[in-house]
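Asks:
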Amino acid sequence: MIPIQHFLIISALLFSIGLAVAVTKRNAVLILMGIELMLNAVNINLVSFSQYDPNRLQGQMFALFVMVIAAAEVTVALAIILKIYDYFKNLDLDEINQLKK
Amino acid sequence: MLEDFLKNIDYKIVQQIIFFVFGAATIGGALYLLFTKNVLYAAFSLLFTLLGISGLYVFAGADFLAVSQIMIYVGGILVLMIFGIMLTNNKSFQRNNAQANKIIVKHHNRFWAVLVAFLLFLGYLKIILEANFHILGQQMQKGSTVNQIGVNLMTDYVFAFEVIGILLLAALIGAVYIAKKEKA
């Protein structure tokens, strides 16, 4: 069996990389990808703890709900990104700095 | 010859090697996503990360979640993101047809962000290595989880299940409403 520390270390690494992606990138879609990485890191933690709870599987249920929330978040965020692109013709977040022209 | 070889394999070592291959795919894809400048390559490296994570789910005994990970993330979210990248491609810098139309994005504050993320990782590592898990060595998941998840969804979690269905419907309708072209 794989020790749980291995899952936790991979998940911690993934969370840190996701944070760095969300902070460094200037394109809005890439920032969404960083947020997805962080959500996935949390899911790995939940699932890996859930294997010690075989009768109720609470961690896996929580991970399933996190996945659905992530899907809903991405659809709304991409719709907003398309509108921003229509208006500014650009997705560079350093240039999008006004609420109304 | 081959049968002897197959008999003598230590399956625990094979399992660990496969686990580390999936872990390396996960971390490698994420690192490439951090350091690349091409947006489309970043989307494809996210594909590697998501597939590696679904492999890790299999090792944690979550077969249903591994398949849903592939279907939801790779089949849904990643395709949506690639659509988003392609629909927002600013082609003003492209002079002629022969030029490759890479979508390049710049980074900012890369040094400080990577430093902060690395320190955060060291902090997590210290916590994980020092923690004393009482659950270690207890009984593990055996067999398929699909049955148990189905029973859970219809008993303990039935209210959350219905609410999340309504949330998903509202998010989809809202996204269509936000993204529709206005009559100018």
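Chains A and B supply the protein sequences, listed in that same order. Under my numbering, the first residue of the first sequence is numbered 1, with each subsequent residue one higher. Under my numbering, the first residue of the second sequence is numbered 1001, with each subsequent residue one higher. For each residue, glycine too, the CB sits at the ideal point set by N, CA and C.
With burial defined as no fewer than 16 other Cβ atoms inside 10 Å of the residue's Cβ, what is the status of A/Gly27: buried or exposed?
Replies: Start at 1 with the first residue of the first sequence, and residue 27 of chain A comes out as number 27. Looking at the sequence itself, residue 27 of chain A is Asn, so the reference to Gly does not match. Buried, by the Cβ-count rule.
Asks: Rounded to the nearest angstrom, what separates B/Leu1078 and A/Met1 at their Cα positions?
Replies: Indexing the second sequence from 1 puts residue 1078 of chain B at position 78. Indexing the first sequence from 1 puts residue 1 of chain A at position 1. The alpha-carbon atoms of B/Leu1078 and A/Met1 are separated by roughly 31 Å.
Asks: Determine which residues of the stretch 57 to 71 of chain A have a Cβ less than 8 Å from any Cβ of chain B, and write them out in chain order.
Replies: Under the 8 Å Cβ criterion, the stretch 57 to 71 of chain A contributes Leu57, Gln60, Met61, Ala63, Leu64, Phe65, Met67, Val68, Ile69, Ala70 and Ala71.
Asks: So, is A/Glu36 buried or exposed, given that buried needs 16 or more other C-beta atoms within 10 angstroms?
Replies: As a position in the first sequence, residue 36 of chain A is number 36, starting the count at 1. Buried, by the Cβ-count rule.
Asks: Under 9 Å between beta-carbons, which chain A residues line up against B/Thr1155? List them in chain order, please.
Replies: Along the second sequence, one-based indexing puts residue 1155 of chain B at 155. By Cβ distance, chain A contributes nothing, its closest Cβ being about 11 Å from B/Thr1155, past 9 Å.
Asks: By how many angstroms is the C-alpha of B/Tyr1124 removed from the C-alpha of B/Ala1131?
Replies: Counting from 1 along the second sequence, the entry for residue 1131 of chain B is found at position 131. Counting from 1 along the second sequence, the entry for residue 1124 of chain B is found at position 124. Rounded to whole angstroms, B/Ala1131 to B/Tyr1124 spans 10 Å at the Cα level.
Asks: Taking B/Thr1145 as the reference, which of A/Asn90, A/Val47 and A/Gln98 has the closest Cα?
Replies: Translated into the one-based positions of the second sequence, residue 1145 of chain B becomes position 145. Residue A/Val47 is the option with its Cα nearest to B/Thr1145.
Asks: Does the Cβ-Cβ distance between B/Leu1033 and A/Val21 come in under 7 Å?
Replies: Within the second sequence, residue 1033 of chain B is the residue found at index 33, counting from 1. Within the first sequence, residue 21 of chain A is the residue found at index 21, counting from 1. Contact: yes.
Asks: Take B/Val1058 and list the residues in its own chain whose beta-carbon comes closer than 6 Å to its own, dropping the five residues that flank it on each side.
Replies: Locating residue 1058 of chain B in the second sequence gives position 58, counting from the first residue. Excluding residues within five positions, the ones whose Cβ falls inside 6 Å are Ala1066.
Asks: B/Thr1049 and A/Leu91 look like a contact to me (Cβ under 8 Å); what is the Cβ gap, rounded to whole Å?
Replies: Along the second sequence, read from residue 1 onward, the residue named residue 1049 of chain B stands at position 49. Along the first sequence, read from residue 1 onward, the residue named residue 91 of chain A stands at position 91. That pair is no contact at about 22 Å.
Asks: Hey, A/Ser16 and B/Phe1020: beta-carbon distance below 7 Å or not?
Replies: Position 16 of the first sequence, counting from 1, holds the residue named residue 16 of chain A. Position 20 of the second sequence, counting from 1, holds the residue named residue 1020 of chain B. Result no, Cβ atoms of A/Ser16 and B/Phe1020 do not sit closer than 7 Å.
Asks: Between the alpha carbons of A/Val76 and B/Val1151, how many angstroms are there, rounded?
Replies: Position 76 of the first sequence holds residue 76 of chain A. Position 151 of the second sequence holds residue 1151 of chain B. For A/Val76 and B/Val1151, the distance between alpha carbons rounds to 31 Å.
Asks: Can you find at least 3 beta carbon pairs, one from the stretch 1006 to 1019 of chain B and one from the stretch 81 to 98 of chain A, that sit closer than 8 Å?
Replies: no
Asks: What residue range does the alpha helix (DSSP H) around A/Ile31 cover?
Replies: Residue 31 of chain A sits at position 31 when you count from the first residue of the first sequence. Unbroken alpha helix (DSSP H) run through A/Ile31: Ala28 to Ser50.
Asks: Quick check: what's the CA-CA separation for B/Gly1028 versus B/Gly1075?
Replies: Within the second sequence, the letter at position 28 stands for residue 1028 of chain B. Within the second sequence, the letter at position 75 stands for residue 1075 of chain B. B/Gly1028 and B/Gly1075: Cα-Cα distance of roughly 21 Å.
Asks: Put B/Ile981 into one of helix, strand or coil per three-state DSSP.
Replies: The structure shown does not extend to residue 981 of chain B, since chain B is modelled only from 1001 to 1184, so the question has no answer here.
Asks: Could you tell me if B/Ile1127 is buried or exposed, where buried requires 16 or more neighbouring beta carbons within 10 angstroms of its beta carbon?
Replies: As a first step, residue 1127 of chain B is located in the second sequence; it is residue number 127 there, counting from the start. It is exposed - the Cβ of B/Ile1127 has fewer than 16 other Cβ atoms within 10 Å.
Asks: Go through its chain and collect everything with a Cβ distance to B/Ala1171's Cβ below 8 Å, but skip five positions before and after it.
Replies: As a position in the second sequence, residue 1171 of chain B is number 171, starting the count at 1. Hits under 8 Å: none found.
Asks: Does any residue of chain B bring its CB to less than 7 Å from the CB of A/Asn97?
Replies: Here residue 97 of chain A refers to the residue found at position 97 when the first sequence is read from its first residue. Closer than 7 Å: no.
Asks: I'd like the list of long-range same chain contacts for B/Ala1024, defined as Cβ closer than 7 Å, with 5 residues on each side in sequence excluded.
Replies: As a first step, residue 1024 of chain B is located in the second sequence; it is residue number 24 there, counting from the start. Excluding sequence neighbours, B/Ala1024 sits near nothing in its chain.
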